[in-house]
Amino acid sequence: MKGACNSLLFAFLLSAGLAACDFRSQGEVIYQHSCNYCHMEDGNGLARLILPFEEHRFVEDRQILVCTVVKGLDQGDTGHFMPRFDKLDHAQLANVLNYIRGLKKMQAPPFTDLEVSRLREACH
Ligand code: HEC
């Protein structure tokens, strides 16, 4: 029992410590944890394997973007796979998409939790 309490305490201190030292936004943390290894640090993807994020899609294809992240892709334009991220809540999804907007210095309007929840409902 004492061991369990100690490890709980340790986990608490660790997460409090990480939260205190981590100045990255939630969107950046999610991106670096879950998206980086395919889309790369700069969002430019991987040569001909994964295409760069394009601003016009963040303006015109917001429905497709949200559904792509939630449901993943069997095959993108380049024939490659993207896993589904259906565990992200609306705010996390909005934050990671907004992080990409910032990363690529896009003028596309920011995503809000409300917009993401509405678009998400419409994914098939
Ligand atoms: C295993 C690799 C992989 C991971 C991990 C991954 N993606 Fe993707 N993603 C892809 C591929 C492949 C495509 C299709 C792009 C293409 O056709 O080249 C794609 C497409 C997209 C698109 C649509 C882009 C467009 O212009 O239509 C968005 C938005 C996106 N990913 C966001 C994310 C986010 C956000 C994460 C992390 C939460 C993520 N992806 C993680 C492989 C990945």
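Here the numbering used here is used: position 105 in the sequence shown is 105, and no number is missing along the way. For every residue, glycine included, the Cβ atom is placed at its ideal position computed from N, Cα and C. It should be emphasised that the depicted structure is a prediction, and the values quoted were computed from it without experimental measurement.
Item: List the DSSP bridge partners of M106.; Value: DSSP, once it has assigned bridges, lists no residue as partnering M106.
Item: Is it the case that the stretch 61-68 contacts the stretch 37-45, given that we only count it when at least three CB pairs across the two stretches are under 8 angstroms?; Value: no
Item: Please classify A94 as buried or exposed, where buried requires at least 16 neighbouring CB atoms within 10 angstroms.; Value: buried
Item: Using three-state DSSP, classify L49 as helix, strand or coil.; Value: coil
Item: Let's test the definition: count the other Cβ atoms within 10 Å of the Cβ of E23 and tell me whether it reaches 16, buried, or not, exposed.; Value: Residue 23 is actually Phe in this sequence, not Glu. So F23 counts as exposed.
Item: So, for L97: in the same chain, excluding its five sequence neighbours on each side, which residues have a beta-carbon less than 6 angstroms away from its beta-carbon?; Value: F111
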